Amino acid sequence: MTYKIISSDRIADSVVRMVISAPEAARNAHAGQFVVVMADEKGERIPLTMADFDKDKGTLTIIFQEVGFSTKALGRMRPGDAIYSVLGPLGKPTHTEGSGNCICVGGGVGIAEMWPVARALKDAGRHVTCIAGARTKGLLILEEELKETCDELLIATDDGSYGSKGFVTDILSEKIKAGSYSYIYAIGPVPMMKKVADISRPHKIKTVVSLNPLMVDATGMCGVCRCKVEGKTVFGCVDGPEFDAHQVDFDELAGRLSFFTDKENQYG
Ligand SMILES: Cc1cc2nc3c(=O)[nH]c(=O)nc-3n(C[C@H](O)[C@H](O)[C@H](O)COP(=O)(O)OP(=O)(O)OC[C@H]3O[C@@H](n4cnc5c(N)ncnc54)[C@H](O)[C@@H]3O)c2cc1C
Ligand code: FES
C-alpha cells in the first residue's frame, strides 16, 4: 500500500496542511479520530488528527505543526512522494448526540483538531460557536474554513494582532456569562484545556477535551499514553482521545508530556 502525498501547503509559520491518498482510513474516518503516520521506514510514529477526509476520493487531510524531528521530516516531503505508513482511523469518534448550543475552543494547531468536531456537531443540527486562538496573527489557521463551518467565530490572539487581545478562555468566560450552552469541546495546549475545565465546572456544562499524550504503538499495548481520568488510569489511544474535562488530571498529563523534552531537544 502506498500513501501518496497529493498536496502540501504551508498555511502558517511552521504549520503544514497535507492531503494524502489513504482510501482505507478515509472510508472509515469519523470526527475526533486520528491516524499514526510514519514518514519513512525508520521514522517515528506520529499521531495526527484527521482534520478532513473525503470518503469518495479516498483522501485524508492532516494539519501539523513542525515541532521536532519527525514532523519536520514530514513537512519536507513533497506532492508525489509516498508516506511509508498511515495507520488508522484510531481512537473513539466524537459524540455528537444531545441538544442545545455548543462551544468549540481551539488553541494553536488545536484549531485543526477542533475543525472536524465543529463540522460533525453542525451536521448533527447543533448551534456551534467556535473560539479560535493563536499567539499571533501569523499563527492563526483555518479562519475561512471555520467561518463556513460554524454559526459564530470568535478569534483571540495573545498579542492582540488580530481579533480580541487575550486568550480563548477570556472569550469563553464572557460567552458562558451571556448565553446558554450545553456542551463545550476544547483542544489545545494542556494549560488552556485545564482553564476551560475550571471555567465550565461551576456552570455544570458538559465539557470534553481531546488529550494529546505521547504515544508509541497507539493500539493499547505499550501504556505510554496513559492518563488519569476520574482517578483511574486510561489509555489516550484506545479509551480516548476525548475525555470528560472535569475528571482529567491535567497536572499529571503536563508532567508526562515534558518527560522526554531534553532528549527531544537533543535530536530535534
Ligand atoms: C491523538 C493525537 C492527535 C494529534 N494531532 C495532532 C495534529 O493534528 N496536529 C499536530 O500538529 N499535532 C498533533 N498531535 C501532536 C503530534 O503528534 C506531536 O507534535 C508529534 O508527535 C511530535 O513529533 P516530533 O518528532 O516532530 O517532535 P518531538 O521531537 O517528539 O517533540 C518536539 C516537541 O513537541 C512536544 N510533543 C511531542 N509529542 C507531543 C504531543 N503528543 N502533544 C504535545 N506536544 C508534543 C515535545 O514535548 C517537544 O516539546 C497529536 C497528538 C495526539 C496524541
Ligand atoms: S500509545 Fe501505547 S498504549 Fe496508547
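Residue numbering for the sequence shown follows the numbering used here, starting at 906 and increasing by one per position.
All residues carry an ideal CB built from backbone N, CA and C; glycine is no exception.
Here the structure is a predicted model, which means the values were calculated and not measured.
{"Check": "Beta-carbon spacing of Ser912, Val920 below 7 Å", "Outcome": "no"}
{"Check": "Cross-strand partners of Lys960 (DSSP beta bridge)", "Outcome": "None, per the DSSP bridge assignment."}
{"Check": "Stretch-stretch touch, CB-based, cutoff 8 Å, three pairs: the stretch 985 to 995 with the stretch 1013 to 1030", "Outcome": "no"}
{"Check": "Pick from Thr1041, Pro1118 and Tyr1067 that is closest to Arg1161, judged by C-alpha positions", "Outcome": "Pro1118"}
{"Check": "Run of the alpha helix (DSSP H) containing Met1019, from where it starts to where it stops", "Outcome": "Gly1015 to Asp1028"}
{"Check": "Identity of the residue in Thr1112, Ala936, Ser975 and Ile968 nearest Lys947 by Cα", "Outcome": "Ser975"}
{"Check": "Proximity below 7 Å, CB of Ile910 to CB of Ile1046", "Outcome": "no"}
{"Check": "When Ala1083, Phe1072 and Arg932 are compared against Val1101, the one with the closest alpha-carbon", "Outcome": "Phe1072"}
{"Check": "Range covered by the alpha helix (DSSP H) that runs through Val1095", "Outcome": "Val1095 to Ser1105"}
{"Check": "Distance between beta carbons of Leu1077 and Val1010, contact taken as under 8 Å", "Outcome": "6 Å"}
{"Check": "Proximity test, Glu1018 beta-carbon vs ligand 1 heavy atom, cut-off 6 Å", "Outcome": "yes"}
{"Check": "DSSP state of Gln1152 mapped onto helix, strand, coil", "Outcome": "helix"}
{"Check": "Through-space distance from Met1098 to Val1114, alpha-carbon basis", "Outcome": "7 Å"}
{"Check": "The stretch 999 to 1006 touching the stretch 950 to 968, judged by at least three CB pairs closer than 8 Å", "Outcome": "no"}
{"Check": "Distance CB(Glu1049)-CB(Thr1034) smaller than 7 Å", "Outcome": "no"}
{"Check": "Range covered by the alpha helix (DSSP H) that runs through Pro952", "Outcome": "Pro952 -> not in any alpha helix (DSSP H); beta strand (DSSP E) instead, spanning Ile951 to Thr954."}
{"Check": "Ile988 beta carbon near ligand 1 (any heavy atom closer than 6 Å)", "Outcome": "no"}
{"Check": "Cβ-based neighbour list, Ile1016, same chain, cut-off 6 Å, excluding 5 preceding and 5 following", "Outcome": "Ala1037, Ile1046 and Leu1047"}
{"Check": "Per-residue DSSP class, three states only, for Pro928", "Outcome": "helix"}
{"Check": "Distance cut-off 6 Å: Val1129 Cβ against heavy atoms of ligand 2", "Outcome": "yes"}
{"Check": "Distance between Asp986 and Pro998 (C-alpha atoms, nearest Å)", "Outcome": "29 Å"}
{"Check": "Cα-Cα separation between Ser1087 and Ala1123, rounded to whole angstroms", "Outcome": "31 Å"}
{"Check": "Per DSSP, the bridge partner or partners of Val1033", "Outcome": "Cys1007"}
{"Check": "Opening and closing residue of the beta strand (DSSP E) in which Phe939 lies", "Outcome": "Phe939 to Met943"}
{"Check": "Per-residue DSSP class, three states only, for Ser975", "Outcome": "helix"}
{"Check": "Residues bridged to Phe1140 [DSSP beta-bridge criterion]", "Outcome": "Arg1131"}
{"Check": "Straight-line gap, Phe1148 to Val1095 (C-alpha atoms, nearest Å)", "Outcome": "13 Å"}
{"Check": "Beta-carbon proximity check, Thr1041 vs Thr1074, cutoff 7 Å", "Outcome": "no"}
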